[in-house]
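Please read the structure below before turning to the comments.
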Amino acid sequence: MSARRRAVVNPPSMNFMVKILSVIYVGGAYGLVLVSLVQAAILVSWLRG
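Just so you know, the sequence shown maps onto residues 531 to 579 in our numbering.
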């Protein structure tokens, strides 16, 4: 019973994780660029402040 219930509960979370991982994998380069831009903006504002 518990195994069947776990099998019913797992697929949505697994699909959610797969979506997150695919987004991270596909948008990895864009994510790095975005993070670097955000860090640069924070650094510039910190230096001006």
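Every residue gets a Cβ at the ideal spot worked out from N, C-alpha and C, and that includes glycine. Predicted model, so just to flag it, every value in this text is computed and none were measured.
When DSSP labels each residue in this structure, what does residue i get in the three-state scheme?
i, result
"G558", "helix"
Between residue i and residue j, what straight-line distance do the alpha-carbon atoms span, to the nearest angstrom?
i, j, result
"V574", "L562", "18 Å"
"V565", "L551", "17 Å"
"V553", "A571", "24 Å"
"Q569", "G557", "18 Å"
"M547", "A559", "19 Å"
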